[in-house]
Every structure is written in C-alpha cells, then in structure tokens.
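Chemist:
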Amino acid sequence: MNFRAPPWRHQHLLDVAGLAADELARVLELADDMAASLRTRTRRDELAGQRLVTLFSEPSTRTRLSFEVAARALGAEVSHLEPPTSSMVKGESLVDTVRTLAALGADVLVIRHRRGGAPALAARHFPGHVINAGDGTHAHPTQALSDLYTLRRRLARGLSGARVTILGDILHSRVARSNAWSLTTAGAQVTLCGPAEWLPDIATWLPNLAERVAGGASPPAVRVTTDIDTALSEADAVMTLRIQNERLSRTGGSRARASRLGPSPAEYVRRYRLTSQRLALARPDAIVLHPGPVNEGVEITREVSSGPRSVILDQVANGVPVRMAMLALLSAAGAATGSGARD
Ligand code: CP
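When the letters of the sequence shown are read in order and numbered with my numbering, they come out as residues 167 to 509.
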C-alpha cells in the first residue's frame, strides 16, 4: 500500500516550537496510519531508495533505535556514524562531517548533540532533511510529538483542556521545553513544577510561549510553581523528568552554575519524587509519563513507574509510528518542493 503524504512546508525538524496546531494534528493522524501498518505488518515504501544516517554524540537507547526501526519500516537504508570512532576525533568539524555525509549520499540526517543549535548548524550545510534528536537543553521535537500522541490516545478527555504537570529539572530538560510548546499548542494546560533553581524564566526559555501566557489565555496555558501539592492537584497526567546531571555544571557562569546545581539528591527525593501518596493528589484516572531514561527511586518510585497508571512503555512504543510519520512528511516535502522547502 502506498501512502501519498500531504504537502509539508518544512524541510527539517529542528524544533517543535514553530509547528502550528494543524501541523501537530497532521503528524498524529499520520502516526495513527503508521501504527496500523505496524500492527498488520504492512510494508510501506515512503523512504524506499533513501539513506538515513544517525549521528549521535550523546548516548541514546530509545530515540536512535526507534528512528532506525521507523526508517527501515518505510524502506530506507540506515547507517550510523559513531562520533567516538569517526574522524571527528581527529579534529573534523561538525560542518565538514555533515558535508561528507551528504557527499556519501545521505538523504536524511538524524542528529543528537550536546550543544543546543548543532542540528540547525548542520541543516545549513546539508541538502536533505535534518531531524533534531535532542540538542543540549534546547529541543527534543520527536519526543514531544511521541508524548503528544501518547497523551491523545490515553486521555479519555482528549488534549484540549487537559491538565498536564511536568515535574522535576525543567530548566535543563529539552523534553520539558518541547512539550511545553506542543501541549499548549494542542490546547492542554501545562504546570511546570520543580525546585526554584530548576524553573525557567519563560520569557527567555521559550519566548513564543511567554507571548501566549501574556496573551491572557484563561485559564492560563502554563503555570510555574515550586509547590508539588498544588502542581499535582487535579492533574490528568503527570510527567516526571530525570535530573540532567550532565548539564548542571555547564549552564551559565560560576554564580549561575552554583545556583542551578539545585537541591542535593536526598533533598530532591524528599521534596519532589513522585510516589503513590503524591500521585493520589492527581485525578483518580491520571496517567504517569516519563520520557526516559528513568532513574528509579530518584524522580519516581518503582511502584509508580511500573504501576498500572504508568504509560512509560507506551511512550517508547509510540516513538516508532510517530517518527515514521515525521520521516514520511519530510520526505514528501522534499519530493514536492526540493531544497526550496522551508525549515
Ligand atoms: N527520551 C530519550 O531521548 O531517550 P534516549 O536518550 O534513550 O534516546
């Protein structure tokens, strides 16, 4: 069965902030179609004859593997460039590496990088499609799309008006930043909760979101609080986050760094770990999400992460059809407009 994707105006997927509500809906609808193909093991060929290369300079299990599964399910060839064994260790720049991959025939580049903005830099030098698989504290667009898909499927009331609480190290989380955009764009009300040191100034963290808040939506599209009881009260969904230990010492100057190290692990556990007792503050049918990887016992107890309200493994599984949808849309954009497609 062949699928003719509708026109898509973006050449790359660098940030979910910038996708409009109708574009998010299109991704989710196409992901439903992809999920049906996966269930029935129907072969698809949207990426037949195309080459996808992954370039991950940070560790990954879910994102890299699900891109590989998704690309193969659409008929693409997949290769992995491993930065530690590539010529990057001999001093080759990211730009030269990207140009080299293009010269070797790569059509799609999936890139994860510790520096925010690295995928955007790659996109300026790559004639095909670049997908950001997570860059520093900036963005993780396909994780946010997978989470949106999971929430749409699992929330009985749907996304519009749903109360979603994101809990933990918000400031250093690219997942939180991308989810704040996609969830509010889809009509959800988002509460960001964590220690004061790890809460962002929305105006600098996500200016477009700040405009949305300043626009006076009622009830507000996004709330920020240090009070976990308030944040959990009446929540339809709770997303816990891993503490981004690898980023705590990199953000800002020395004074800023000291203030952003945040509470000790023991203090964090005491004040913010999601336990069954705390989850009882949320709605009786509230679901629990975590983008992974989970540090059980720190941000969430095993009882909750493996309990009946956890949809954490759904998030993982849904990453495949959602990434298939994104790949098919970008491929169709390339076919429709060539390199003239916008980012
Ligand atoms: N959520 C996420 O990005 O997981 P990985 O680091 O395993 O890809």
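The beta carbon of each residue, even a glycine, is placed where N, CA and C say it ideally should be. From a predicted model like this one, the values you see are computed outputs, not experimental measurements.
Along the alpha helix (DSSP H) that carries Arg-340, what are the first and last residues, could you check?
Modeler: 340-351
Chemist: Between which two residues does the alpha helix (DSSP H) holding Met-405 run?
Modeler: No alpha helix (DSSP H) holds Met-405; the beta strand (DSSP E) holding it covers 403-406.
Chemist: For Gln-309, is the beta carbon positioned less than 7 Å from some heavy atom of ligand 1?
Modeler: yes
Chemist: Using C-beta distances below 8 Å, list every residue in its chain close to Ser-399, excluding the 5 sequence neighbours before and after it, in chain order.
Modeler: Excluding residues up to 5 positions away in sequence, Leu-447 and Ala-448 lie with their Cβ nearer than 8 Å to the Cβ of Ser-399 in the same chain.
Chemist: Straight-line CA distance for Gly-294 to Thr-308?
Modeler: 18 Å
Chemist: Once DSSP output is grouped into helix, strand and coil, what is the label at Thr-331?
Modeler: strand
Chemist: State yes or no: is the C-beta of Pro-457 nearer than 7 Å to some heavy atom of ligand 1?
Modeler: yes
Chemist: Would you mind giving the Cβ-Cβ distance between Leu-247 and Leu-267, rounded to the nearest angstrom? I have them listed as a contact below 8 Å.
Modeler: Right, the Cβ-Cβ distance comes to about 7 Å (below 8 Å), so this counts as a contact.
Chemist: Can you tell me whether Val-482 is helix, strand or coil according to DSSP?
Modeler: Note: Val-482 maps to helix in three-state DSSP.
Chemist: Among Ala-288, His-291, Ser-472 and Ala-322, whose alpha-carbon lies nearest the alpha-carbon of Pro-450?
Modeler: Ala-322
Chemist: What does DSSP give as the partner residues of Thr-357 in its beta bridges?
Modeler: Thr-331 and Arg-389
Chemist: Among residues of its own chain, excluding the 5 on either side of Arg-280, which ones have a beta-carbon nearer than 7 Å to its beta-carbon?
Modeler: Ser-223, Glu-224 and Gly-302
Chemist: Among Arg-389, Ile-277 and Leu-314, which one has its Cα closest to the Cα of Asn-140?
Modeler: Outside the shown range of the chain, which is 167 to 509, sits residue 140, and nothing can be said about it.
Chemist: What residue from Leu-333, Val-341 and Arg-378 has the CA that sits closest to Ala-511's CA?
Modeler: Absent from the model: residue 511. The displayed extent of the chain is 167 to 509, so no value can be given.
Chemist: Shortest alpha-carbon distance to Thr-467 belongs to which of His-291, Thr-357, Met-490 and Gln-443?
Modeler: Gln-443
Chemist: Am I right that Ser-203 and Arg-192 are in contact with their C-beta atoms under 8 Å? What's the rounded C-beta distance?
Modeler: Actually they do not touch by this definition, with Cβ atoms about 17 Å apart.
Chemist: Helix, strand or coil: how does DSSP classify Asp-367 here?
Modeler: coil
Chemist: Taking a contact to mean a Cβ-Cβ separation below 8 Å, would you say Leu-179 touches Asn-298 in this structure?
Modeler: Contact: yes.
Chemist: For the alpha helix (DSSP H) that Asn-411 lies in, which residues bound it at each end?
Modeler: Counted as a single uninterrupted DSSP element, the alpha helix (DSSP H) harbouring Asn-411 occupies residues 411-414.
Chemist: Taking the alpha-carbon positions, what's the Asp-262 to Pro-249 distance?
Modeler: Rounded to whole angstroms, the separation of the alpha carbons of Pro-249 and Asp-262 is 13 Å.
Chemist: CA-CA distance, Gly-300 and Ile-409?
Modeler: 16 Å
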